[in-house]
Amino acid sequence: MTDTNTARITVANQKGGAGKTTDVIHTGGALSARGHDVLLVDIDYHGGLTCSLGYNDLYYDTDRTTLFDVLDFDQMESVSDIIVKHEEFDILPASEKLANNKNIQTLLEAPKSRERLGMTLDELERDYDYIVVDTPPSLNVLTDNALVATGNVVIPVIPEKLNANSLQIFAKQLSSLEQAYGDINRLAIVCNRVEQNAEHRKTIEEIKSAYSLPVFEIPKRTDLSQSIGEGVSVFGFGKENQRVEDARDLFNEIADLFDETFEKTAPVEVEA
């Protein structure tokens with residue numbers, strides 16, 4: 001089944017520590033809180049999203065059918081069987097098998113090696129409003145699969161000079177993929193852990209000048225880790241305070257961009 005009504009989005013940057021997993025979880029929570037059906041896909045070989053949300057057992061259980069297994073042509077129809085239900089969204093969990101170099105080499109050498117995640121998502125039995133994919137901190141066949149499968153990307157970055165330079169490397173990778181697989185829409189850049197210092201302000205201004213994209217700023221003081229420690233996004237978090245509300249406002253802005261871009265109406269009214 002190919003659902004043309006589903007918006008597919010990859011969150012990717014080849015540099016580790018950029019905040020990919022955090023952005024995926026809280027953006028997924030924002031979309032879910034406004035009534036959208038959301039699937040989060042973890043194709044990161046570290047399994048950060050899977051383990052952060054409390055599914056360590058699934059990540060380390062290599063005896064079960066896993067995401068790596070369903071990337072095989074013969075098992076793609078089983079993808080719906082390995083999706084787990086979370087209180088906010090559904091999750092297609094990662095597996096330790098993705099961290100096996102031999103497995104990745106096998107995938108790399110296989111026919112249509114960079115198209116398999118897209119073909120797998122086409123087999124989903126359920127319609128989703130959004131599918132958001134978390135990726136490894138590297139430019140490899142797994143990241144390429146996510147980008148080709150979704151055709152849309154959000155790029156997280158820490159606004160420091162060395163981190164910002166990684167955007168140029170990532171841009172070259174996107175251009176290379178586009179030559180073979182078609183356009184990949186750059187949706188936004190998310191600057192994470194922003195501090196009010198000269199380096200961060202200068203870097204953010206340079207990013208805004210260099211890229212004609214929406215740039216979102218997530219301050220370092222924003223309370224994002226406590227909810228993830230309890231296996232939920234800030235939208236599923238029971239604690240209420242100003243920092244939590246600030247975090248919800250920030251990720252609602254990203255969700256607003258998605259709804260506008262993909263022309264989706266939130267079933268639940270979102271507070272301004």
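Quick note: the sequence shown uses UniProt numbering, first residue 1, plus one each step. In this text, a Cβ means the ideal position worked out from N, Cα and C, and glycines have one as well. Quick caveat, the model's predicted, so the values are computed rather than measured.
Just reading off the beta strand (DSSP E) that V190 is part of, what are its end residues?
Residues N185 to V194.
Please classify E240 as buried or exposed, where buried requires at least 16 other C-beta atoms within 10 Å of its C-beta.
Result: exposed.
Give every residue of the same chain whose Cβ lies closer than 7 angstroms to the Cβ of D144, excluding the five residues on either side of it in the sequence, and list them in chain order.
Excluding positions up to five away in sequence, the list reads R114 and L177.
Quick check on DSSP: helix, strand or coil for Y60?
It is helical.
Starting from L31, trace the alpha helix (DSSP H) both ways and give me its first and last residue.
Element bounds for L31: K20 to A33.
Does the distance from the C-beta atom of N152 to that of N192 stay below 8 angstroms?
Against a cut-off of 8 angstroms, the Cβ pair of N192 and N152 comes out as no contact.
Classify R221 as helix, strand or coil using the three-state DSSP reduction.
Three-state result, R221: coil.
By Cβ distance below 8 angstroms, which residues in the same chain neighbour D183 in space, the five residues on each side in sequence not counted?
Correct list, in chain order: G151.
Just how far apart, CA to CA, sit N100 and E88?
Using only the alpha carbons, I get a separation of about 30 angstroms.
Can you tell me which of D134, F73 and V232 puts its alpha carbon nearest to the alpha carbon of Q14?
When only C-alpha atoms are compared, the closest one is D134.
Would you give the residue range spanned by the alpha helix (DSSP H) that R116 belongs to?
Element bounds for R116: R116 to L121.
According to the neighbour-count rule (16 or more other Cβ atoms, all chains shown, within 10 Å of its Cβ), is R126 buried or exposed?
R126 should be labelled exposed.
Excluding five sequence neighbours on each side, which residues of the same chain lie with their C-beta closer than 6 angstroms to the C-beta of R8?
Result list for R8: I131 and T150, in chain order.
Just how far apart, CA to CA, sit A255 and V148?
If I take the Cα positions, the gap works out to 22 angstroms.
Would you mind listing the beta strand (DSSP E) stretches within the segment 208-270 that are 3+ residues and don't spill past its ends, in chain order?
Here the runs fully enclosed are 215-219.
Could you work out which residue in E263, Q226, L58 and S166 is closest to I91 when comparing CA atoms only?
If we check each option's Cα against that of I91, L58 comes out closest.
Report the rounded CA-to-CA distance for I83 versus V70, giving the unit in angstroms.
If you take the alpha carbons of I83 and V70, they lie about 11 angstroms apart.
From T65 to T222, what distance separates their C-alpha atoms?
Distance between the alpha carbons of T65 and T222 is about 37 angstroms.
Does the distance from the C-beta atom of S225 to that of S233 stay below 8 angstroms?
Not a contact, by the Cβ cut-off of 8 angstroms.
Nearest to E96 by alpha carbon, out of L49, S80 and G118?
Ranking the options by Cα distance to E96, first place goes to L49.
With a threshold of 16 other CB atoms inside 10 Å of the CB of N268, please say whether the residue is buried or exposed.
Just to set this straight, residue 268 is Val in the shown sequence, not Asn. V268 should be labelled exposed.
Find out if the Cβ-Cβ distance for the pair D23, P156 is shorter than 8 angstroms.
Cβ atoms of D23 and P156: closer than 8 angstroms.
Within its chain, find whatever has a CB closer than 6 angstroms to the CB of N139; leave out the 5 residues flanking it on each side and keep chain order.
Note that residue 139 is Leu in the sequence shown, not Asn. Q14 and Q173.
Considering Cα atoms alone, identify which of G229, Q196, G236 and A188 is closest to F216.
Nearest C-alpha to F216: A188.
I need the straight-line Cα distance from V190 to E109, nearest angstrom please.
So the two alpha carbons sit approximately 33 angstroms from each other.
In three-state terms, what does DSSP make of residue 296?
As shown, the chain starts at 1 and ends at 272. That puts residue 296 outside it, with no answer to give.
Alpha carbons only, please: which of L98, L31 and S32 is nearest the one belonging to D61?
Nearest option by C-alpha distance: L98.
Reducing DSSP to helix, strand and coil, say where I155 ends up.
Strand.
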